[in-house]
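These protein sequence lines map, in sequence, to chains E and X.
Counting the first sequence from 1 gives a position; my numbering is that position plus 4.
Counting the second sequence from 1 gives a position; my numbering is that position plus 4.
Presented below is the structure to which this report refers.
Protein chains: 2
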Amino acid sequence: MPYLGQAAYFELAVFESLAGAVATAPNLAAREGLSAAAGRALSKHHGLIQEIRRRGGEPAVEMTPFAPALDLYRQKTTGADWHEVLLSCYLTGGLLDDFFIRLSDGLPGDVGPRIAKLLGEDAGTEVLVHELKVAINADPTLGSRLAMWGRRLVGDTLLVARSAMALSAASGTEESRIEPVFTELIAAHTRRMDGLGLTA
Amino acid sequence: MPYLGQAAYFELAVFESLAGAVATAPNLAAREGLSAAAGRALSKHHGLIQEIRRRGGEPAVEMTPFAPALDLYRQKTTGADWHEVLLSCYLTGGLLDDFFIRLSDGLPGDVGPRIAKLLGEDAGTEVLVHELKVAINADPTLGSRLAMWGRRLVGDTLLVARSAMALSAASGTEESRIEPVFTELIAAHTRRMDGLGLTA
Chain E
5 MPYLGQAAYF ELAVFESLAG AVATAPNLAA REGLSAAAGR ALSKHHGLIQ EIRRRGGEPA
65 VEMTPFAPAL DLYRQKTTGA DWHEVLLSCY LTGGLLDDFF IRLSDGLPGD VGPRIAKLLG
125 EDAGTEVLVH ELKVAINADP TLGSRLAMWG RRLVGDTLLV ARSAMALSAA SGTEESRIEP
185 VFTELIAAHT RRMDGLGLTA
Chain X
5 MPYLGQAAYF ELAVFESLAG AVATAPNLAA REGLSAAAGR ALSKHHGLIQ EIRRRGGEPA
65 VEMTPFAPAL DLYRQKTTGA DWHEVLLSCY LTGGLLDDFF IRLSDGLPGD VGPRIAKLLG
125 EDAGTEVLVH ELKVAINADP TLGSRLAMWG RRLVGDTLLV ARSAMALSAA SGTEESRIEP
185 VFTELIAAHT RRMDGLGLTA
């Protein structure tokens with residue numbers, strides 16, 4: 005249940021960040037694409053809520069314990085302008101989806117595979133990649149600023165992941181099992197950065 | 005197509021307003037419920053986008069002509085605090101859903117019934133009604149302020165509806181056919197106000 009509460013709250017936060025990016029998008033095509041990405045995060049959130057209800061939990065009650073830490077994390081990782089917000093949604097969303105998918109291995113019964121499938125669904129982030137690439141190509145200064153921002157994001161996100169792992173009943177893991185997971189997460193993160201033409 | 009562009013842009017705006025209300029909700033249960041309502045508006049939006057694509061249109065292109073007027077309308081009707089925002093989402097969402105459902109009669113082929121079904125789907129607004137009722141019961145001053153706000157909203161919304169009707173190829177209607185539609189819309193609006201304990 006702590007796993008579900010955390011993951012559900014996180015997806016709600018991703019939804020809110022993407023919804024914020026919709027509101028400030030510079031053109032209607034970007035707004036349109038971002039709203040679809042926000043919808044994907046929302047349906048992940050609702051899928052997790054459904055799992056909480058299925059197990060007799062009250063979603064707000066299960067999410068509440070994780071709200072302060074995740075709110076603080078989100079505040080630090082939101083970004084100062086539209087491109088930073090996009091990069092944050094893309095990188096932190098990708099990292100923590102990957103992370104919760106890996107953690108779902110440890111869930112009892114058939115919950116794990118169901119959640120891995122839910123979180124593994126296409127996040128609709130092509131529009132974020134597209135907008136970021138166009139902007140980076142047009143302005144090298146932006147590229148180097150975003151590369152720095154990406155490094156900061158991965159640092160903060162791995163800290164959150166580590167404490168989520170410690171709190172989650174689903175983990176039951178020792179340090180020796182944690183390291184390979186983090187190596188994988190960082191590798192996937194580096195591929196995302198590379199795809200944008202940014203140095204991780 | 006003008007009908008679809010307008011309705012799609014309007015549902016996107018409802019989504020954005022509800023998403024904004026999620027971000028400022030005072031508790032997690034309200035955030036949770038509002039995010040579901042935002043998801044409903046988003047899926048109406050995407051259903052309309054799909055209709056635009058099915059007819060060979062580019063969503064952003066079809067929505068763009070209606071953006072300035074609807075943005076201005078939204079700016080005037082957003083509301084100054086959380087409760088005004090909720091009332092606006094509930095009343096303007098309800099009014100314009102009803103309005104576009106009525107207009108869909110005039111659409112060619114099987115598009116009309118499909119859109120009437122899409123827009124008639126549950127908007128998930130029980131949470132808005134619940135939050136508003138609780139707040140109004142706790143504070144009569146808020147009730148009278150919201151009653152005034154509701155009257156202003158219906159005025160602005162009917163103006164938008166009237167100009168949407170004039171612009172929409174789907175209408176082909178004369179003044180004599182418009183009046184009964186507006187009478188119905190206002191009756192439904194009055195029921196929503198009554199349900200909240202507000203004088204329309």
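For every residue, glycine included, the Cβ atom is placed at its ideal position computed from N, Cα and C.
Which listed residue (the options) has its alpha carbon closest to that of residue i
{"i": "Ala-17 of chain E", "options": "E:Ile-56, E:Pro-117, E:Met-67", "result": "E:Met-67"}
{"i": "Ala-40 of chain E", "options": "E:Gly-113, E:Ile-53, E:Asp-126", "result": "E:Asp-126"}
{"i": "Ala-12 of chain X", "options": "X:Leu-189, X:Ala-73, X:Pro-63, X:Ile-140", "result": "X:Pro-63"}
{"i": "Glu-130 of chain E", "options": "E:His-50, E:Arg-35, E:Glu-20, E:Gln-10", "result": "E:Arg-35"}
{"i": "Gly-159 of chain E", "options": "E:Gly-37, E:Ser-92, E:Gly-51, E:Leu-38", "result": "E:Ser-92"}
{"i": "Glu-55 of chain X", "options": "X:Gln-10, X:Met-169, X:Thr-145, X:Pro-69", "result": "X:Gln-10"}
{"i": "Met-197 of chain X", "options": "X:Leu-157, X:Ser-180, X:Leu-107", "result": "X:Leu-157"}
{"i": "Tyr-77 of chain X", "options": "X:Ser-180, X:Ser-21, X:Phe-186, X:Ala-170", "result": "X:Ser-21"}
{"i": "Gly-37 of chain E", "options": "X:Gly-37, X:Leu-38, X:His-50, X:Pro-30", "result": "X:His-50"}
{"i": "Ile-53 of chain X", "options": "X:Arg-118, X:Asp-75, X:Arg-195, X:Gln-79", "result": "X:Arg-118"}
{"i": "Val-138 of chain X", "options": "X:Thr-194, X:Gly-199, X:Lys-121", "result": "X:Gly-199"}
CB-CB length for residue i against residue j, believed under 8 Å
{"i": "Leu-95 of chain E", "j": "Tyr-7 of chain E", "result": "In fact, because the Cβ distance is near 22 Å, the residues do not count as touching under 8 Å."}
{"i": "Ala-23 of chain X", "j": "Gly-98 of chain X", "result": "Actually they are not in contact, since the Cβ atoms of Ala-23 of chain X and Gly-98 of chain X sit about 18 Å apart, beyond 8 Å."}
{"i": "Asp-101 of chain X", "j": "Leu-123 of chain X", "result": "5 Å"}
{"i": "Leu-239 of chain X", "j": "Ala-71 of chain E", "result": "What is shown of chain X runs 5 to 204, which leaves residue 239 of chain X out entirely."}
{"i": "Gly-201 of chain X", "j": "Gly-116 of chain X", "result": "The pair is not a contact, with the Cβ atoms about 35 Å apart (cut-off 8 Å)."}
{"i": "Met-169 of chain E", "j": "Ile-182 of chain E", "result": "6 Å"}
Check whether residue i and residue j have beta carbons under 8 Å apart
{"i": "Leu-90 of chain E", "j": "Leu-132 of chain E", "result": "yes"}
{"i": "Lys-48 of chain X", "j": "Glu-88 of chain X", "result": "no"}
{"i": "Trp-86 of chain E", "j": "Thr-28 of chain E", "result": "yes"}
{"i": "Gly-154 of chain X", "j": "Ala-204 of chain X", "result": "yes"}
{"i": "Ser-167 of chain E", "j": "Ala-25 of chain E", "result": "no"}
{"i": "Ala-45 of chain E", "j": "Phe-103 of chain E", "result": "no"}
{"i": "Gly-61 of chain E", "j": "Met-152 of chain E", "result": "no"}
{"i": "Val-209 of chain X", "j": "Arg-59 of chain X", "result": "Residue coverage of chain X in this structure runs from 5 to 204, which leaves residue 209 of chain X outside it and unanswerable."}
Residue-chain proximity (residue i, chain B), Cβ-Cβ < 8 Å
{"i": "Arg-149 of chain X", "result": "Annotation note: the requested chain B is absent from the structure, which comprises protein chains E and X."}
Could I get the ranges of all uninterrupted beta strand (DSSP E) runs contained in the segment 65-128 of chain E, with 3 residues as the minimum, in chain order?
-> none
Within 9 Å of chain E by C-beta, residues of the segment 66-89 of chain X in sequence order = Met-67, Thr-68, Ala-71
Could you please tell me which residues of the segment 94-116 of chain X, in chain order, have their CB closer than 9 Å to any CB of chain E?
-> none
Selection of the segment 23-43 of chain E by Cβ proximity to chain X, strictly under 8 Å | Ala-23, Gly-24, Val-26, Ala-27, Asn-31, Leu-32, Ala-33, Arg-35, Glu-36, Ser-39, Ala-40, Ala-42, Gly-43
Interface positions of the segment 6-20 of chain E facing chain X (Cβ-Cβ less than 7 Å), listed along the chain = Of all residues in the segment 6-20 of chain E, Leu-16, Phe-19, Glu-20 have a Cβ within less than 7 Å of some Cβ in chain X.
Between the segment 50-65 of chain X and chain E, which residues of the former have CB atoms less than 8 Å from a CB of the latter, in chain order?
-> His-50, Ile-53, Pro-63, Ala-64
Residues of the segment 126-145 of chain X with a CB closer than 8 Å to any CB of chain E: list them in chain order, please.
-> none
Compile a chain-ordered list of the residues in the segment 181-199 of chain E whose CB is closer than 7 Å to at least one CB of chain X.
-> Shown here is that no member of the segment 181-199 of chain E has a Cβ falling below 7 Å from a Cβ of chain X.
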